[in-house]
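Participant:
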Amino acid sequence: MTKFATHFSLVAKGMAMGAADVVPGVSGGTIAFITGIYDRLLNALKSANPSLLNVLRSEGVTGVWRHIDGTFLLCVFGGVLSSILSFAHVITYLLASYPEMLWAFFFGLILISGLHMIRQVSHWHGPTMVALVVGVLIAYGIGVLSPTSLEPEPMTLFFAGAIAICAMILPGISGSFILLLMGLYSPVIEAVKALDLGVLLIFGAGCIGGLLSFSHVLSWLLKRHRDLAIALLTGLMLGALGKVWPWKETLSTRVNSSGSEVPLVQVNISPFDYEMVTGHPAFLLESFALMIAAIVLVATIEWFGGKNTES
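Residue numbers 389 to 699, in this note's numbering, belong to the letters of the sequence shown in order.
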């Protein structure tokens, strides 16, 4: 394969990762695993550490670039960024025009991804069961018991970026899912669509900080306490299903920091009562079809991942 073809392939794989991370429930890390760049990505991210100063003194900028596998990272993250910028417009339109169907698709994605992750725990025992329950309770508490979403303030955006970006190196959980859990998914997608540099620079700084720090912690957890970490992540995903339930009744609203009226308190209701209660179409057939499509999509991705592992 020529150098151009190699670089183009890396950009294409990055674009697939970016598309996955825009959608809650599908992990960019899973795509990296399936496409065969997961280990190289993790090693490149881990190489960005204080030892770079010694490399810089002894080998210069060229040595640093080679040490962090800079061309690889540039191609992959260039693809990720271009994909996110493209898909943000589509997601924003669907959220405004067909929210029930879009959330139904997300619900199916998160449900099947959580069930898949349960199978990744090699030994179920007391601590892993506790980690699973703790994850469910945390996600449920944040997503359901707390009536308000986090405001997109600078400090909140920074830490949201730091936490969400870690999903890129974790097969099974997506950065968009983390944002969804914190109630920041829509504000960040809107900022990407509008190219709001103020929001994006703060969020991006958090992403960089997360990659340079949390990636080492997560790598250590997955190596030393893999089952506990996966059980906790699985609990977070399954506990958030209440938050992404497509059919909700809004009991009260509030005006957010940007002056827009947004839901304050919502309750999940039956899809069969949704149209009568809210006056909006429930899109039952379309929504359930999209749930099934999401389940088939993730099952197919994981099947290809298994074939890749065997080969």
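Virtual Cβ for every residue (Gly too), placed ideally from N, Cα, C.
1. Going along the chain, which residues of its own chain have a beta-carbon closer than 6 angstroms to the beta-carbon of Gly502, five neighbours each way excluded?
2. In whole angstroms, what is the alpha-carbon distance linking Ile472 and Phe494?
3. Of the residues Pro487, Leu685, Tyr481, which one's Cα is nearest the Cα of Leu672?
4. Give, in chain order, every unbroken run of the alpha helix (DSSP H) that is at least 4 residues long and sits entirely within the stretch 478 to 545.
5. Got a sec, what are the start and stop residues for the alpha helix (DSSP H) Gly563 sits in?
6. Roughly how many angstroms lie between the CA atoms of Phe547 and Phe591, to the nearest whole one?
7. In chain order, what residues of the same chain lie with their CB nearer than 8 angstroms to the CB of His335, ignoring the 5 residues before and after it?
8. Please say whether Val478 and Met405 have beta carbons closer to each other than 9 angstroms?
9. Cα-Cα, which of Ala670, Leu430, Val655, Ala677 is closest to Lys611?
10. Mind checking Val653: buried by the 16 CB within 10 Å criterion, or exposed?
11. Identify which residue in Thr423, Gly667, Leu499 has its Cα closest to the Cα of Leu678.
12. So the candidates are Leu639, Leu462, Ile689, His613; which of them puts its Cα closest to the Cα of Thr394?
13. Terminal residues of the continuous alpha helix (DSSP H) containing Ile618?
14. Where does Ser675 fall in DSSP's three states?
15. For the alpha helix (DSSP H) that contains Pro659, what are its first and last residues?
16. With the cut-off set at 9 angstroms, would you say Glu674 and Ala492 are in Cβ contact?
17. With a Cβ-Cβ cutoff of 9 angstroms, do Leu545 and Ala628 count as a contact?
18. What first and last residue would you give for the alpha helix (DSSP H) that runs through Trp635?
19. Ignore the nearest five residues each way along the sequence and tell me which others in His455's own chain have a CB closer than 7 angstroms to its CB.
20. If you draw a straight line from the alpha carbon of Pro540 to that of Trp633, how long is it in whole angstroms?
21. Less than 9 angstroms between the C-beta atoms of Asp427 and Gly416, yes or no?
22. Note the first and the last residue of the continuous alpha helix (DSSP H) segment covering Pro575.
23. Let me know the secondary structure DSSP gives Asn656 once reduced to three states.
Facilitator: Reading off the structure:
1. A distance below 6 angstroms between beta-carbons, with the five flanking residues on each side excluded, links Gly502 to the following residues of its chain, in chain order: Thr622, Met625, Leu626.
2. Cα to Cα, the separation comes out at about 17 angstroms.
3. Among Pro487, Leu685, Tyr481, the Cα nearest to that of Leu672 belongs to Pro487.
4. If only complete runs of 4 or more residues are kept, the stretch 478 to 545 shows the alpha helix (DSSP H) at 487 to 506, 514 to 528, in order along the chain.
5. In the DSSP assignment, Gly563 falls within the alpha helix (DSSP H) that extends over 563 to 570.
6. Rounded to the nearest angstrom, the gap between the Cα atoms of Phe547 and Phe591 is 8 angstroms.
7. An answer regarding residue 335 cannot be provided, because it is not within the stretch 389 to 699 covered by the chain.
8. Using a Cβ distance threshold of 9 angstroms, Met405 and Val478 do not count as a contacting pair.
9. Per the Cα distances, Leu430.
10. Exposed, since its Cβ has fewer than 16 Cβ neighbours within 10 Å.
11. Taking only the C-alpha atoms, the option nearest Leu678 is Leu499.
12. Comparing Cα-Cα distances from Thr394 to each of Leu639, Leu462, Ile689, His613, the minimum goes to Leu462.
13. Counting along the chain, the alpha helix (DSSP H) containing Ile618 begins and ends at 614 to 627.
14. Judged by DSSP in its simplified three-state form, Ser675 adopts helix.
15. Taken as a continuous stretch (DSSP letters only), the alpha helix (DSSP H) holding Pro659 covers 659 to 666.
16. The criterion of a C-beta distance shorter than 9 angstroms is satisfied by Glu674 and Ala492.
17. In this structure, Leu545 lies away from Ala628, with their beta-carbon atoms at least 9 angstroms apart.
18. Trp635 -> no alpha helix (DSSP H), and no H or E assigned at all.
19. So the qualifying residues of the chain are Ser435, Leu440, Val443.
20. Rounded to the nearest whole angstrom, the CA to CA distance from Pro540 to Trp633 is 23 angstroms.
21. The answer is no: Cβ separation not under 9 angstroms.
22. Here the alpha helix (DSSP H) through Pro575 covers 573 to 582.
23. It is a strand residue.
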